[in-house]
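Asks:
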């Protein structure tokens, strides 16, 4: 196993081995179970049932990425990390991959448990559910999880402060989106922080999109503004930042 893959495994362990991370995982599990139980009374198809935990996942998964990316700086352990591995770019790339894998792993566990619960509670409906329907149901869930992971990674990398990054990650989709919708109704979809995640869960090849559907161009500008730019600035900052 190469040294970089070892770093990825170390970063995954660090992302899940703190008290805050453990409590967050407990919250994700509890809210997902609650959402699944609520889905049982409201929905009877596999897709609707599995999508039930999507709301708590969308809200909490970015925090997992924030903890992974900003934890060293918030807990003042960056000196130890960079002393053991002086090549900072190696650590940053491993940390990014570890955050994505951690979020997708959590999503896989939640959706697996939810799917098993659906099969137990609705055996007849599960028997009528084809493999294609399962894939179509899981696709948007994992797309939103990936988007949530990248959002948390971007804010955590840029701000290097866990509480601030969490606050920005949770508040921006509400306050910012409302503001740009009111102030810039025509430009808003192109600078929206949610356009990329919206497109990823329901991709369209048209450049501009129509109605509520986001186009490829809007998704790319959103991805550049809210993922690529913060990560690039954050990495530049971390590569130059003095460690105390």
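In my numbering, the protein residues as written are 1140 to 1383. Ideal Cβ placement from N, Cα and C applies to all residues, glycine included.
Return yes when the Cβ of residue 1277 is within less than 8 Å of the Cβ of residue 1377, no when it is not.
Replies: no
Asks: Go ahead and pull the three-state DSSP assignment for residue 1269.
Replies: coil
Asks: For residue 1253, which option in 1245, 1229 and 1175 has the closest C-alpha, if you only look at C-alpha atoms?
Replies: 1175
Asks: Grab me the residues of residue 1340's own chain with a C-beta within less than 6 Å of its C-beta, minus the 5 sequence neighbours each way, in chain order.
Replies: The beta carbon of residue 1340 lies closer than 6 Å to those of 1279, 1282 and 1283 in the same chain, with the five residues before and after it left out.
Asks: Can you grab the Cα-Cα spacing for the pair residue 1329 / residue 1357, in whole Å?
Replies: For residue 1329 and residue 1357, the distance between alpha carbons rounds to 5 Å.
Asks: On the criterion of 16 or more Cβ atoms from any shown chain inside 10 Å, does residue 1270 qualify as buried, or is it exposed?
Replies: exposed
Asks: By the three-class DSSP mapping on this structure, what secondary structure does residue 1353 have?
Replies: strand
Asks: From this set, 1190, 1171, 1373 and 1213, which residue's C-alpha is nearest residue 1272's C-alpha?
Replies: 1190
Asks: Give me the residue from 1209, 1256 and 1349 with the minimum Cα distance to residue 1370.
Replies: Between residue 1370 and the set 1209, 1256 and 1349, the nearest pair of CA atoms involves 1209.
Asks: Taking residue 1193 as the reference, which of 1297, 1171 and 1216 has the closest Cα?
Replies: Comparing C-alpha distances from residue 1193 to each of 1297, 1171 and 1216 shows the shortest one belongs to 1171.
Asks: Can you name, in chain order, every residue of its own chain whose Cβ lies under 7 Å from the Cβ of residue 1336, other than the five neighbours on each side?
Replies: 1283 and 1286
Asks: Taking the alpha-carbon positions, what's the residue 1373 to residue 1265 distance?
Replies: 45 Å
Asks: So does the stretch 1194–1207 actually touch the stretch 1295–1310, counting three or more Cβ pairs closer than 8 Å?
Replies: In short, these stretches touch, since the Cβ pair count reaches three.
Asks: Identify the continuous alpha helix (DSSP H) that holds residue 1187 and give its terminal residues.
Replies: 1185–1190
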